[in-house]
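Chains Y and V, in that order, give the protein sequences.
In terms of numbering that gives the first Met the number 0, the first sequence opens at residue 0 and continues consecutively.
In terms of numbering that gives the first Met the number 0, the second sequence opens at residue 0 and continues consecutively.
Each residue gets a CB set at the ideal place from its N, CA and C atoms; glycine is no exception.
There are 2 protein chains.
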Amino acid sequence: MTVAGIPNDHILVDPDRLKTQVAAIFEHLKLPVKDAETVADVLVQADLWGITTHGVSNYIKGIYVPLLLDKTITPNPTIKILSEGSSIALLDGDGGMGHVVSVYAMELAIEKALKTGIGAVSVTNSTHFGAAGVYSHMAAEKNMIGISMTNAAPRVVPLYGKNAMLGTNPLSIAAPTNKVHPFLLDMATSTVSAGKLYVAALNGGMIPEGWATNIEGQPTSDPVEGLESKRLLPLGGTKDLGGHKGYGLGIAVDILSGVLSGIGYGNVLPYRHVGHFFCAVNISKFREIDAFKNMMDEMILELLDTPSSKQGEAVSFPGEIEATTMAERKRNGIPLHNEVIDYLDSLASEMNISVKLTT
Amino acid sequence: MTVAGIPNDHILVDPDRLKTQVAAIFEHLKLPVKDAETVADVLVQADLWGITTHGVSNYIKGIYVPLLLDKTITPNPTIKILSEGSSIALLDGDGGMGHVVSVYAMELAIEKALKTGIGAVSVTNSTHFGAAGVYSHMAAEKNMIGISMTNAAPRVVPLYGKNAMLGTNPLSIAAPTNKVHPFLLDMATSTVSAGKLYVAALNGGMIPEGWATNIEGQPTSDPVEGLESKRLLPLGGTKDLGGHKGYGLGIAVDILSGVLSGIGYGNVLPYRHVGHFFCAVNISKFREIDAFKNMMDEMILELLDTPSSKQGEAVSFPGEIEATTMAERKRNGIPLHNEVIDYLDSLASEMNISVKLTT
Numbered sequence: 000m001t002v003a004g005i006p007n008d009h010i011l012v013d014p015d016r017l018k019t020q021v022a023a024i025f026e027h028l029k030l031p032v033k034d035a036e037t038v039a040d041v042l043v044q045a046d047l048w049g050i051t052t053h054g055v056s057n058y059i060k061g062i063y064v065p066l067l068l069d070k071t072i073t074p075n076p077t078i079k080i081l082s083e084g085s086s087i088a089l090l091d092g093d094g095g096m097g098h099v100v101s102v103y104a105m106e107l108a109i110e111k112a113l114k115t116g117i118g119a120v121s122v123t124n125s126t127h128f129g130a131a132g133v134y135s136h137m138a139a140e141k142n143m144i145g146i147s148m149t150n151a152a153p154r155v156v157p158l159y160g161k162n163a164m165l166g167t168n169p170l171s172i173a174a175p176t177n178k179v180h181p182f183l184l185d186m187a188t189s190t191v192s193a194g195k196l197y198v199a200a201l202n203g204g205m206i207p208e209g210w211a212t213n214i215e216g217q218p219t220s221d222p223v224e225g226l227e228s229k230r231l232l233p234l235g236g237t238k239d240l241g242g243h244k245g246y247g248l249g250i251a252v253d254i255l256s257g258v259l260s261g262i263g264y265g266n267v268l269p270y271r272h273v274g275h276f277f278c279a280v281n282i283s284k285f286r287e288i289d290a291f292k293n294m295m296d297e298m299i300l301e302l303l304d305t306p307s308s309k310q311g312e313a314v315s316f317p318g319e320i321e322a323t324t325m326a327e328r329k330r331n332g333i334p335l336h337n338e339v340i341d342y343l344d345s346l347a348s349e350m351n352i353s354v355k356l357t358t
Numbered sequence: 000m001t002v003a004g005i006p007n008d009h010i011l012v013d014p015d016r017l018k019t020q021v022a023a024i025f026e027h028l029k030l031p032v033k034d035a036e037t038v039a040d041v042l043v044q045a046d047l048w049g050i051t052t053h054g055v056s057n058y059i060k061g062i063y064v065p066l067l068l069d070k071t072i073t074p075n076p077t078i079k080i081l082s083e084g085s086s087i088a089l090l091d092g093d094g095g096m097g098h099v100v101s102v103y104a105m106e107l108a109i110e111k112a113l114k115t116g117i118g119a120v121s122v123t124n125s126t127h128f129g130a131a132g133v134y135s136h137m138a139a140e141k142n143m144i145g146i147s148m149t150n151a152a153p154r155v156v157p158l159y160g161k162n163a164m165l166g167t168n169p170l171s172i173a174a175p176t177n178k179v180h181p182f183l184l185d186m187a188t189s190t191v192s193a194g195k196l197y198v199a200a201l202n203g204g205m206i207p208e209g210w211a212t213n214i215e216g217q218p219t220s221d222p223v224e225g226l227e228s229k230r231l232l233p234l235g236g237t238k239d240l241g242g243h244k245g246y247g248l249g250i251a252v253d254i255l256s257g258v259l260s261g262i263g264y265g266n267v268l269p270y271r272h273v274g275h276f277f278c279a280v281n282i283s284k285f286r287e288i289d290a291f292k293n294m295m296d297e298m299i300l301e302l303l304d305t306p307s308s309k310q311g312e313a314v315s316f317p318g319e320i321e322a323t324t325m326a327e328r329k330r331n332g333i334p335l336h337n338e339v340i341d342y343l344d345s346l347a348s349e350m351n352i353s354v355k356l357t358t
């Protein structure tokens, strides 16, 4: 398939075919069938929304395959409930794929919220869970407000700090609507993710001050220097622009994901292991769900209708780009870089998987 | 009292005397004794932490007294529970002082969290509640993670927006520790609060780009222009520096405070009325509380110990300044501008209240 606006080095791929192939790859890597399907669902969902960094393009090759092969990630974990209350639970992910325990955790939070009004599930001993927004969005689909977050190995400096001490510690919040697309915020608590530095470096461009520092903790506008130092700045960047707020939010995510679960904060996390936190707020226990959703519609439409201050840029709403991208990609397919397609198809060939992306 | 480092136009005031006077003022304004004491406690707590903008200096004169006198705020409200589940409740503040219903709401959230592991309370029909951190901190004092937030009348533009559509929508998160001061994040979701513009205007200085816009929605470095336009920028400021994240966080606070409670999002709030959201996470239902608190201590000490990248600026921790300021002010008193002292003492005289700050 080809469509106008897709770069020359990208090819459009059918989402279902992609899901089938990715699930088969993870099954070959010894995941139970259902778990392999869950991982494929989560990754392709990110690609449908246009969150390419957290879809099939980066982490299958960079994280999941190598760590499953070297046994850092357990393919067939036994998820355990370490403690439980009527509205909470603490789960041990047994070092399995983060996506699997995370879907289970959010389902459990939703189940508890159905009864008591709110459910919160903390996860220890997990691994990279992909895009946080997939889990918060699960709650929104059940007419609940969903919250999801994870900690990660250090890559972000504290305000005024020289060394990376916090992960990019993403936070996602989703809420249901009636007629318009749901609210979906999915943000790293750093100014940007490392992915944006890669893109800038690839294009030979500069980066704005406030994204990254050099090895000495000084702001840099050179993306290569920022990538080499592995030091991003917290949202806000400088003290003047609220860097202490991004820093504080990053710590809050670390507390809820790492300290509450017991796996540890960013700087003491075991190699490639992390903790998560999920929460579902059952709106209909507070008030009539349709009244809530109609008010969400009104709010969103008012925001979208507000005049722009910058030529060529309209006021958007968190989740709008994801929803419109998904609608378009469900029709036309997901554009993947041909190197990604080559990688996945070669992997499939090695594994004797018949489903190929290039037919 | 005078102490080195206090400006000439400030006088040190004993916190207990201040609390007694402020409670007497609110009692005179027809609040029940207990409610008047609650309001005084909350306001003086903000001053003890050094959050001067939300203590006795600004809003007694600017908001509470005039709105109690003109009946916009109900002095003796009947707080009602509109709906309830074992872990949640929706309260109607009956248009009373926000501090009173907020303390009640957080106590209720804590009570529910004691039983089920987490409690969440939404509040509709409330008014300005002072510093968000007072309520999240209540949970931390009970060995819980506390979350508090409120919406507010529009003062912040969406990313690329020309008109203010969101309040500064502050968000606070607190968590308990063992030996070091507790984690306490209390942040507006705008880059800065309007208070910082007042200070800059007073001193005749400029403001950094990313704080405010002029009436056309264009960034301004003139604090007077920013104050006149009543248009602040969301945390992050520009798209490059993550303004869409601050914008998204502001909406999330509006959803949890205004849409969930039913009072409405920023742009449709009734005059001077707002909604709040409170949540308490009972750590000991997840895991052993001392293990949690010891890990908090370790995390904080590691962060404080990390080398600085900027001469003269150490790496701090959210809540550190508040804790050290409180310890110092409990010893030496709270520095108040003499105009504030004059206002409070005149008010007390008019009301035949014998407690004066200048003795």
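Item to check | 8 Å Cβ cutoff met for V/THR126 and V/MET96 | outcome: Looking up residue 126 of chain V in the second sequence gives position 127. Looking up residue 96 of chain V in the second sequence gives position 97. Yes, these two residues count as a Cβ contact at 8 Å.
Next on the checklist: Give me, in chain order, the residues of the same chain whose beta-carbon lies closer than 6 Å to that of Y/TYR41; leave out the 5 immediate sequence neighbours on both sides.
Outcome noted: Walking along the first sequence from the start, residue 41 of chain Y turns up at place 42. According to the sequence displayed, residue 41 of chain Y carries Val and not Tyr. Cβ neighbours of Y/VAL41 beyond the five flanking positions: HIS98, GLY129, VAL133.
Next on the checklist: Taking its Cβ as the centre, do 16 or more other Cβ atoms sit within 10 Å of V/ALA326, making it buried, or is it exposed?
Outcome noted: Looking up residue 326 of chain V in the second sequence gives position 327. Exposed is the call here.
Next on the checklist: I'd like to confirm the pairing. Which residues does DSSP put opposite Y/GLY145 in its beta bridges?
Outcome noted: For this step, residue 145 of chain Y is matched to residue 146 along the first sequence. The partner list for Y/GLY145 (beta bridge, DSSP) reads Y/ALA173, Y/ALA279.
Checklist entry - Using a C-beta to C-beta distance shorter than 7 Å, which residues of chain V count as neighbours of Y/ILE117? => result Reading the first sequence from its first residue, position 118 is the one you call residue 117 of chain Y. Neighbours of Y/ILE117 on chain V, chain order: SER86, ILE87, ILE117, ALA119.
Next on the checklist: Which complete beta strand (DSSP E) runs does the region 265-349 of chain Y hold, if anything under 3 residues is left out?
Outcome noted: 273-281, 333-336
Checklist entry - In whole angstroms, what is the alpha-carbon distance linking V/ALA151 and V/LEU259? => result Reading the second sequence from its first residue, position 152 is the one you call residue 151 of chain V. Reading the second sequence from its first residue, position 260 is the one you call residue 259 of chain V. Approximately 14 Å, taken between the alpha carbons.
Item to check | Exposed unless 16 or more other CB atoms sit within 10 angstroms - verdict on Y/ILE359 | outcome: Missing from the structure shown is residue 359 of chain Y; chain Y here goes from 0 to 358 and no further.
Checklist entry - Which two residues bound the contiguous alpha helix (DSSP H) that contains Y/GLU83? => result Here residue 83 of chain Y is taken as the residue at index 84 of the first sequence, counted from 1. It is not in any alpha helix (DSSP H) - Y/GLU83 instead sits in the beta strand (DSSP E) that spans 79-83.
Next on the checklist: Using the three-state DSSP reduction, which class does Y/THR219 fall into: helix, strand or coil?
Outcome noted: Counting from 1 along the first sequence, the entry for residue 219 of chain Y is found at position 220. Y/THR219 falls in the strand class under three-state DSSP.
Next on the checklist: Against chain V, with Cβ distances strictly below 8 Å, would Y/ARG286 count as a contact?
Outcome noted: For this step, residue 286 of chain Y is matched to residue 287 along the first sequence. Yes, Y/ARG286 lies at the interface with chain V (some Cβ there is under 8 Å from its Cβ).
Item to check | Inter-residue spacing [alpha-carbon to alpha-carbon] between V/ARG16 and V/GLY225 | outcome: Position 17 of the second sequence, counted from the first residue, corresponds to residue 16 of chain V. Position 226 of the second sequence, counted from the first residue, corresponds to residue 225 of chain V. Using only the alpha carbons, I get a separation of about 37 Å.
Next on the checklist: Checking 8 Å against the spacing of the C-beta atoms, do V/ILE288 and V/ASN142 come in under that value?
Outcome noted: Position 289 of the second sequence, counted from the first residue, corresponds to residue 288 of chain V. Position 143 of the second sequence, counted from the first residue, corresponds to residue 142 of chain V. Yes.
Next on the checklist: My output table needs one value for V/ASP91: the three-state DSSP class, helix, strand or coil.
Outcome noted: Looking up residue 91 of chain V in the second sequence gives position 92. V/ASP91: strand per DSSP, three-state reduction.
Checklist entry - Of all Cβ atoms in chain V, is any one closer than 8 Å to the Cβ of Y/SER308? => result Locating residue 308 of chain Y in the first sequence gives position 309, where the first residue counts as 1. So yes, Y/SER308 belongs to the interface.
Next on the checklist: Between V/GLY204 and chain Y, is any beta-carbon pair separated by less than 8 Å?
Outcome noted: Walking along the second sequence from the start, residue 204 of chain V turns up at place 205. Not an interface residue.
Checklist entry - How big is the Cα-Cα spacing for V/SER85 and V/GLY261? => result As a position in the second sequence, residue 85 of chain V is number 86, starting the count at 1. As a position in the second sequence, residue 261 of chain V is number 262, starting the count at 1. C-alpha separation (whole angstroms): 20 Å.
Checklist entry - Using a Cβ-Cβ cut-off of 7 Å (strictly less than) and excluding sequence neighbours within five positions of Y/GLY160, which residues of its own chain qualify? => result Working through the first sequence from its first residue, we reach residue 160 of chain Y at position 161. If we look at Y/GLY160 and ignore the five residues flanking it on each side, its Cβ neighbours are GLY216.
Next on the checklist: I want to verify the contact list: residues of chain Y whose CB lies under 8 Å from the CB of V/ALA131, in sequence order.
Outcome noted: Looking up residue 131 of chain V in the second sequence gives position 132. Under the 8 Å cutoff, chain Y gives no residues; its nearest Cβ is about 13 Å from V/ALA131.
Item to check | Cβ separation of Y/VAL120 and Y/ALA131, assumed to be a contact under 8 Å, to the nearest whole Å | outcome: Position 121 of the first sequence, counted from the first residue, corresponds to residue 120 of chain Y. Position 132 of the first sequence, counted from the first residue, corresponds to residue 131 of chain Y. Actually they do not touch by this definition, with Cβ atoms about 14 Å apart.
Item to check | Three-state secondary structure (DSSP) of V/ALA151 | outcome: Taking the second sequence and counting its residues from 1, the one referred to as residue 151 of chain V is at position 152. Note: V/ALA151 maps to coil in three-state DSSP.
Checklist entry - Do the region 262-276 of chain Y and the region 59-73 of chain V touch if we need at least three Cβ pairs shorter than 8 Å? => result no
Item to check | Element boundaries [alpha helix (DSSP H), containing Y/ILE109] | outcome: Numbered from 1 along the first sequence, position 110 holds the residue referred to as residue 109 of chain Y. Start and end: 97-115.
Next on the checklist: Can you pull the chain Y neighbours of V/PHE182, defined as C-beta to C-beta under 7 Å?
Outcome noted: Translated into positions along the second sequence, residue 182 of chain V becomes position 183. ILE250, ILE254, listed in chain order.
Checklist entry - My guess is that Y/ILE254 and V/ILE117 are in contact by the Cβ rule of under 8 Å, so how many angstroms apart are they, rounded? => result Counting from 1 along the first sequence, the entry for residue 254 of chain Y is found at position 255. Counting from 1 along the second sequence, the entry for residue 117 of chain V is found at position 118. Actually they are not in contact, since the Cβ atoms of Y/ILE254 and V/ILE117 sit about 15 Å apart, beyond 8 Å.
Item to check | Pick from Y/MET294, Y/THR115, Y/HIS9 that is closest to Y/ASP341, judged by C-alpha positions | outcome: For the purposes of this step, residue 341 of chain Y is taken as residue 342 along the first sequence, with counting starting at 1. When only C-alpha atoms are compared, the closest one is Y/HIS9.
Item to check | chain Y contact residues for V/LEU370, given Cβ-Cβ distances below 7 Å | outcome: It is not possible to answer for residue 370 of chain V, since the shown part of chain V is limited to 0 through 358.
Next on the checklist: Beta-carbon within less than 8 Å of Y/LEU302's beta-carbon, same chain only, minus the 5 sequence neighbours each way: which residues are those?
Outcome noted: Working through the first sequence from its first residue, we reach residue 302 of chain Y at position 303. Once the five neighbours on either side are set aside, the close Cβ partners of Y/LEU302 are VAL314, PHE316.
Checklist entry - What residues of chain V sit near Y/LYS70, judged by a beta carbon separation below 8 Å? => result Residue 70 of chain Y sits at position 71 when you count from the first residue of the first sequence. Neighbours of Y/LYS70 on chain V: none; closest Cβ ~27 Å, over 8 Å.
Checklist entry - How is V/SER135 classed by DSSP in three states: helix, strand or coil? => result The count along the second sequence starts at 1 and reaches residue 135 of chain V at position 136. Helix.
Checklist entry - Among Y/ALA23, Y/ASP46, Y/ALA39, Y/VAL12, which has the Cα closest to the Cα of Y/THR324? => result Position 325 of the first sequence, counting from 1, holds the residue named residue 324 of chain Y. Comparing Cα positions, the closest option is Y/ASP46.
Item to check | the region 204-214 of chain Y contacting the region 223-240 of chain Y, beta-carbon criterion three pairs below 8 Å | outcome: yes
Next on the checklist: Given this structure, state the Cα-to-Cα distance separating V/ALA322 from V/GLU349, to the nearest angstrom.
Outcome noted: The residue given as residue 322 of chain V occupies position 323 in the second sequence. The residue given as residue 349 of chain V occupies position 350 in the second sequence. If I take the Cα positions, the gap works out to 35 Å.
Item to check | Coil, strand or helix - V/VAL43 by DSSP | outcome: What you label residue 43 of chain V is simply residue 44 of the second sequence in a count that begins at 1. DSSP places V/VAL43 in helix when its eight states are reduced to three.
Checklist entry - Exposed or buried, which one is Y/MET0 when buried takes at least 16 other CB atoms within 10 Å? => result Walking along the first sequence from the start, residue 0 of chain Y turns up at place 1. Note that Y/MET0 has pLDDT 44, beneath the 50 cutoff, so the model's placement of it is unreliable and the number below is only indicative. When all chains shown are included, Y/MET0 counts as exposed.
Item to check | Residue from V/SER220, V/LEU248, V/LYS329, V/GLN310 with nearest C-alpha to V/THR149 | outcome: For this step, residue 149 of chain V is matched to residue 150 along the second sequence. Nearest option by C-alpha distance: V/LEU248.
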